[in-house]
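Heads up: the structure comes next, in structure tokens.
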Amino acid sequence: MTDDIAHDLRTPLTRLRQRLDAAAAAPSAEAIAAAQAEADGLLEIFAALLRIAQVESGTQRAGFTRVDLSAIAESVAEVYAPAAEERGQRLAAEIAPGVTIEGDPALLTQMLANIVENAVRHGREGGRIAIALSPREVSVTDDGPGIPEAERERVFRRFHRLDSARSTPGSGLGLALVRAVATLHGLAVTLEDAGPGLRVRVALPATAGAGSR
Numbered sequence: 001m002t003d004d005i006a007h008d009l010r011t012p013l014t015r016l017r018q019r020l021d022a023a024a025a026a027p028s029a030e031a032i033a034a035a036q037a038e039a040d041g042l043l044e045i046f047a048a049l050l051r052i053a054q055v056e057s058g059t060q061r062a063g064f065t066r067v068d069l070s071a072i073a074e075s076v077a078e079v080y081a082p083a084a085e086e087r088g089q090r091l092a093a094e095i096a097p098g099v100t101i102e103g104d105p106a107l108l109t110q111m112l113a114n115i116v117e118n119a120v121r122h123g124r125e126g127g128r129i130a131i132a133l134s135p136r137e138v139s140v141t142d143d144g145p146g147i148p149e150a151e152r153e154r155v156f157r158r159f160h161r162l163d164s165a166r167s168t169p170g171s172g173l174g175l176a177l178v179r180a181v182a183t184l185h186g187l188a189v190t191l192e193d194a195g196p197g198l199r200v201r202v203a204l205p206a207t208a209g210a211g212s213r
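Start counting the sequence shown at 1; every next residue gets the next number (UniProt numbering).
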């Protein structure tokens, strides 16, 4: 794992060095800003790696409380609606009220946010994104290019990115964090063809509660 991380960090570190060399050779606000952007990207990668390691350690399980997953889903849908609108996408949410599970609210929010962000980023421009929550599962569906079946397990690995996604921003850590958070909470994450597009399903435990608000 250490070799993989070192290999995948080499590219952004090389870009940062090139930006710094350019800024040193011809100082300008633009060159400095470009180097700062590369440095910020590296900091985000390290922060994500530390977050994944923290989640995988399982220490946060001790602080689990009853979490209103319906409220989290509604909040995430509201937050990402403007980003979807910028790409001409329609974000629809069908959220059952009062769905609750034992967990960490911040981590569950991060998990769902990562899934929805991927859908917005890789979904078709002018397409549709659907967020659905029931007492049995939460799912996010887009009508983009989807993920080939042979790649669906690999995308949960750190830094793994599909060739078709390399032209879009991202570190390749978003789904790794999704899997880590899901595992911590005893949830199962699966990817399936949405014909067209991708559907991400997170199966909820039998102890998930549901009620009216």
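Every residue gets a Cβ at the ideal spot worked out from N, C-alpha and C, and that includes glycine.
All of these numbers come straight from a predicted model, not from anything done at the bench.
{"Query": "Within the stretch 167-202, ranges of the beta strand (DSSP E) (whole runs, at least 3 residues)", "Result": "188-193"}
{"Query": "Closest Cα partner of residue 217 within the set Q36, L69, G98", "Result": "Since the first residue of the chain shown is 1 and the last is 213, residue 217 is not available in this structure."}
{"Query": "C-beta contact flag for G98 and F64 at 7 Å", "Result": "no"}
{"Query": "A132, DSSP secondary structure in three states", "Result": "strand"}
{"Query": "Integer Cβ distance of I101 from A73, believed to fall under 8 Å", "Result": "Not quite, the Cβ-Cβ distance comes to about 12 Å (not below 8 Å), so this is no contact."}
{"Query": "Limits of the beta strand (DSSP E) - the one that I101 falls within", "Result": "100-103"}
{"Query": "Cβ-based neighbour list, R166, same chain, cut-off 7 Å, excluding 5 preceding and 5 following", "Result": "Note that R166 scores a pLDDT of 39, beneath 50, so its modelled location is shaky and nothing firm can be said."}
{"Query": "R179 to A188 span [Cα, whole Å]", "Result": "8 Å"}
{"Query": "Exposure of S171, with buried meaning 16 or more beta-carbon neighbours within 10 Å", "Result": "Residue confidence for S171 is low, a pLDDT of 49 falling below 50, so the modelled location carries little weight; the figure read from the coordinates is stated next. S171 comes out buried."}
{"Query": "Rounded straight-line distance, which links the Cα of D40 to that of L198", "Result": "30 Å"}
{"Query": "Counted within 10 angstroms of its Cβ, other Cβ atoms place T168 as buried (16 or more) or exposed", "Result": "Low confidence applies here, because T168 scores a pLDDT of 49, under 50, leaving its location unreliable; read the following figure in that light. That one is exposed."}
{"Query": "Near the ligand GDP: L20 beta-carbon under 6 Å from a heavy atom", "Result": "Annotation note on the ligand GDP: not contained in the displayed structure, which lists no ligands."}
{"Query": "Nonlocal neighbours in the same chain, by C-beta distance under 8 Å from D163, ignoring five residues either side", "Result": "Caution applies to D163, whose pLDDT of 43 falls short of 50 and renders its modelled position unreliable; the model cannot decide the point."}
{"Query": "Cβ pair D143, P196 closer than 7 Å", "Result": "yes"}
{"Query": "Residue from L177, R201, A208, R157 whose Cα sits closest to the Cα of S57", "Result": "L177"}
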